[in-house]
Structures are given as structure tokens and as C-alpha cells.
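*Asks:* Mind having a look at this structure? Questions to follow.
Number of protein chains: 2
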Amino acid sequence: MNYIPQSLAKVIEEISNLPGYGEKSAQRFATNLLKMPRSEAVDLVRNLAVMLDKIHPCLECGIYTEEDICPICKSTERDKGYICVVEESFDAYTIEKTGKFSGVYHVLGGRLSPLEGIGPDKLNIKSLIERIKKYSAKEVLIATNPTVEGEATANYIHNLLKKYPLNITRLAYGLPFGSVLENADEFTLSKALEHRIKV
Amino acid sequence: MNYIPQSLAKVIEEISNLPGYGEKSAQRFATNLLKMPRSEAVDLVRNLAVMLDKIHPCLECGIYTEEDICPICKSTERDKGYICVVEESFDAYTIEKTGKFSGVYHVLGGRLSPLEGIGPDKLNIKSLIERIKKYSAKEVLIATNPTVEGEATANYIHNLLKKYPLNITRLAYGLPFGSVLENADEFTLSKALEHRIKV
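Right under this line is the structure:
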């Protein structure tokens, strides 16, 4: 007989349906909450509800924001002619931390993945083209992940944008800073050789 | 500059403080929620709140339940003279699935772990002794995990209970069913030899 109480079983079932979660990790999440001081757990759940209430994609670029238009799109210091295309909001936040990009972002909301049934229609590509036209964009920097799916997505976007008069660029492949050459994989090393820099 | 919206940053910070979570896994959890159909995400969060409201440790054995006394402790078919001591509620649910144990459980709420500052006072050991006396228990089956910390916890409880007139038992160590002998670790194999069964 299964003695897991219903309200606990329900939460475990719902969490185990999230991508990257299974039954065990869902159990661990629920147990963690139940073992915390109850007031802290209630706070966390309340903050999750606040997050779901406040956070929406920016109407312009799709980045997660609490406002209609995100602070980056609203800023007069950002050049809307330079658009950096990322898969998810957190990719944009990560690039933002470098402080080296002064354009705006465009969040696709995922990557092409035939296996998961994610085709071009599931990604925010139409709005990217609208923005390119609206702001007569000069450069689109495709910053999808350096994975097979990220590459396929980048190629797809590149083909779509070829007909527009703009520079299409990609983040450089190469050795990660602080890494050991001996441990680099062949693909990364090939790319680092191919795109070697004149000193 | 950090553009992560406040309500999102707060949730990530709180989740990354959970045991077994870091910043990346907290981000993934939050992103999963934000990418779900909003109504499902709101439902999940509501169910988490319901769980926190309803689930409490059983006043008798400490297992997570929605009632004051759990269905196992309440059942007249369970022998309260046989107590199975487990670290967490889910260990009890797992044993319950076998249908081979007809006694009651006692949830310690963790394991001895000096590194994490968990001493005997943090575990439900006092109430175990009270139950042993109250029901004149005949057997205590210590079913802590087969880990260093689980073993230490079992030894500690064994020493405490020695003076009572009852059988103290442990779950058997041995080869897991369906495993390959060649791949068994030395410790497990030593235990399987030591506790070999007469056929």
C-alpha cells in the first residue's frame, strides 16, 4: 500500500514532470521544503508566487522582466542597431555581466530541437525580423549555445537573415581562459586553430 | 550591471540555499516554472503551499502525514511491538512498498553527521525510547542507510537500546538482486560472505 500522503504525492508528481527532474529529485525538493523551518518554506513558496505574478517576457526583446519593457530595451544608452540573439534570458544576463555588449538582446525562448518537437514556429524568430527592420539593425550577434542544437539554431537564423543588409556574427569558439591545452577537446582545438588571432 | 529582476533573483537565492542546490540548478528550477503554461505553474506553487499547510510529522512516529496520527500508527493491523527505525519518511514509504513489514516505523529525521552539526539531540531518539517502553517493544529493526553516517547512527542507537529486553536487528547487507557478482564492491561482498545463508 502506498502511504505517501496525497498533497505530498501531488507535488512530487508535478515537480517530476519538470524538464531535468525525476521522481527522486522531486522527492528531494519536497523533503527539503518540509525540513526547513516552516516559516522559511512558506516564504519561499510565497516568493515563487510573486515571481510568477511579476515576471513576464519583455514585450520588445523577450527577456524576463518585471516591467512591460525591460531596462535594457528602455535604456537610451543601448544601441538598438546591435542585436544579440540568445536562447534564454539567463544567457543574456550572463553576457550582461561582462559589461562588453552595449546593444540589445533578443531571447528566442529555446533552441531548435526536432526530438523535443521544437521547430522554428516555437521560437521568437518573427519578432526578431520585425525588430531588425524597425531599427535598421547593423549587426546581429548570434549567441546560441555551442552545442549541436545551438549550432543548428544559429545556422537557421543565419540563413533567414542573409538577405538583410547587416553583419551576422557568432561568438568566437576557442580555448576557455584558464584551461589546459592538453585537455581541450579536438573540436574546440580545431576551432581555435582555424580562427587563430594575429598578434 | 545585474539585470536579473528582483523577484526572480530572490527565488533563485532562496532555492540555491536548499541542500543539493546551487545557483545553476536554482536558475533551472525558476526557468522551468516560468516556461510552463502560467496556469500550470500557478497550480504547482499553490500545491506546494497546500503541502506545507497539510503535511506534518505524525505525532507518534514522525512520518509525514496529513493527519495527527498517520494511517500506519492508527491501523489496528500493525504490531506496535515491532519498530522499524528509518532516517526519513521516504525510507519508510519505500519499505512499505515491499509489503513485508507489519510493524510500525520511527522516523529519526536525519542521520548523525558531525560535519553538518547533526548530533543525537537533533534526531527523534528520545521519542523512540518512550515508544519502546510504552509498547514493551519486542524488536527494533534499524533501517538507516548503508552509508558511513547511517552506520554510525545505527551503532549509536544500538548502544542506547542494549539495556532494554528486546531484539535489535539491522537490514541485511549483501548482493543486490539482479546485480553482477564481478562488479560487487569488496565491502558488500565481504558482508555477503560473512552473513551467508544456509540453503
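Chains A and B are the protein sequences, given in the same order. Just so we're aligned, residue 956 is where the first sequence starts under this note's numbering, counting upward by one. Just so we're aligned, residue 956 is where the second sequence starts under this note's numbering, counting upward by one. Ideal Cβ placement from N, Cα and C applies to all residues, glycine included. Quick caveat, the model's predicted, so the values are computed rather than measured.
#1: Could you give the distance in angstroms between the alpha-carbon of residue 1102 (chain A) and the alpha-carbon of residue 1141 (chain A)?
#2: Compare the Cα-Cα distances from residue 1134 (chain A) to each of A:1125, A:1100 and A:1144 and report the closest residue.
#3: Nearest-angstrom Cα distance between residue 1098 (chain B) and residue 1012 (chain B)?
#4: Since residue 1095 (chain A) contacts residue 1123 (chain A) with CB under 8 angstroms, what's their CB separation in whole angstroms?
#5: Scan the segment 1041 to 1054 of chain A for residues whose Cβ lies nearer than 9 angstroms to a Cβ of chain B and list them as they occur along the chain.
#6: Note down, in chain order, each residue of its chain lying with its Cβ closer than 6 angstroms to the Cβ of residue 1113 (chain B), except the 5 sequence neighbours on either side.
#7: Could you spell out where the alpha helix (DSSP H) holding residue 1135 (chain A) opens and where it closes?
#8: Please report how far the alpha carbon of residue 902 (chain B) lies from the alpha carbon of residue 1087 (chain B), in whole angstroms.
#9: Nearest chain A C-beta to residue 1015 (chain B) closer than 7 angstroms, yes or no?
#10: Looking at C-beta atoms only, is the number of pairs between the segment 974 to 987 of chain B and the segment 961 to 975 of chain A that lie closer than 8 angstroms three or more?
#11: Residues of chain B with CB under 7 angstroms from residue 959 (chain A), in chain order?
#12: Could you tell me whether the segment 990 to 997 of chain B touches the segment 1028 to 1038 of chain B, using the rule of 3 or more Cβ pairs below 8 angstroms?
#13: Tell me the start and end of each unbroken alpha helix (DSSP H) in the segment 1029 to 1064 of chain A that is at least 4 residues and wholly inside, in chain order.
#14: By DSSP's criteria, residue 1125 (chain A) is part of a beta bridge. Which residues make up the other side?
#15: Helix, strand or coil for residue 992 (chain B)? Go by DSSP, reduced to three states.
#16: Between the segment 1061 to 1095 of chain A and chain B, which residues of the former have a C-beta closer than 7 angstroms to a C-beta of the latter?
#17: Consult DSSP for residue 1019 (chain A) and reduce its assignment to one of helix, strand or coil.
#18: So for residue 1073 (chain A), helix, strand or coil by DSSP?
#19: Return helix, strand or coil for residue 1150 (chain A), following the three-state DSSP convention.
#20: Using DSSP bridges, identify the partner residues of residue 1012 (chain B).
#21: Residue 1068 (chain B) bridges to which residues according to DSSP?
*Replies:* According to the data block:
#1: If you number the first sequence from 1, residue 1102 (chain A) lands on position 147. If you number the first sequence from 1, residue 1141 (chain A) lands on position 186. Each residue's alpha carbon lies about 14 angstroms from the other.
#2: Start at 1 with the first residue of the first sequence, and residue 1134 (chain A) comes out as number 179. Checking every option, the nearest Cα to that of residue 1134 (chain A) belongs to A:1144.
#3: By 1-based counting over the second sequence, the position of residue 1098 (chain B) is 143. By 1-based counting over the second sequence, the position of residue 1012 (chain B) is 57. Between the alpha carbons of residue 1098 (chain B) and residue 1012 (chain B) lies a gap of roughly 19 angstroms.
#4: Reading the first sequence from its first residue, position 140 is the one you call residue 1095 (chain A). Reading the first sequence from its first residue, position 168 is the one you call residue 1123 (chain A). About 5 angstroms separates the two Cβ atoms, so the contact holds.
#5: Residues of the segment 1041 to 1054 of chain A with a C-beta less than 9 angstroms from any C-beta of chain B: 1043, 1044, 1045, 1047, 1048, 1051, 1052 and 1054, listed in chain order.
#6: The sequence position of residue 1113 (chain B) within the second sequence is 158, counting from 1. When the five nearest sequence neighbours on each side are left out, the beta carbons in the same chain lying within less than 6 angstroms of the beta carbon of residue 1113 (chain B) are those of 1123, in order along the chain.
#7: Counting from one through the first sequence, the residue named residue 1135 (chain A) turns up at place 180. First-last for residue 1135 (chain A): undefined, no H or E at that position.
#8: With chain B covering only 956 through 1154, there is no way to say anything about residue 902 (chain B).
#9: Counting from one through the second sequence, the residue named residue 1015 (chain B) turns up at place 60. Judged by the 7 angstroms Cβ criterion, residue 1015 (chain B) is not in contact with chain A.
#10: Under the three-pair Cβ rule at 8 angstroms, the segment 974 to 987 of chain B counts as touching the segment 961 to 975 of chain A.
#11: Here residue 959 (chain A) corresponds to residue number 4 of the first sequence, with the count starting at 1. Contact note: residue 959 (chain A) reaches chain B through 1048, using a C-beta cutoff of 7 angstroms and chain order.
#12: By the C-beta criterion, the segment 990 to 997 of chain B is judged not to be in contact with the segment 1028 to 1038 of chain B, since fewer than 3 inter-stretch pairs fall below 8 angstroms.
#13: Those alpha helix (DSSP H) runs which fall completely within the segment 1029 to 1064 of chain A and span 4+ residues are 1044 to 1053.
#14: By one-based count along the first sequence, residue 1125 (chain A) stands at place 170. DSSP lists A:1097 as partners of residue 1125 (chain A).
#15: Taking the first residue of the second sequence as 1, we reach residue 992 (chain B) at position 37. In this structure, residue 992 (chain B) counts as coil in the three-state DSSP scheme.
#16: Flagged: no residues at all.
#17: Here residue 1019 (chain A) corresponds to residue number 64 of the first sequence, with the count starting at 1. Three-state DSSP puts residue 1019 (chain A) in a strand.
#18: Numbered from 1 along the first sequence, position 118 holds the residue referred to as residue 1073 (chain A). Looking at residue 1073 (chain A) - three-state DSSP - the assignment turns out to be strand.
#19: On the first sequence, position 195 is the one that residue 1150 (chain A) refers to. Note: residue 1150 (chain A) maps to coil in three-state DSSP.
#20: As a position in the second sequence, residue 1012 (chain B) is number 57, starting the count at 1. Residue 1012 (chain B) pairs with B:1019.
#21: Here residue 1068 (chain B) refers to the residue found at position 113 of the second sequence. DSSP output for residue 1068 (chain B) lists B:1073 as bridge partner(s).
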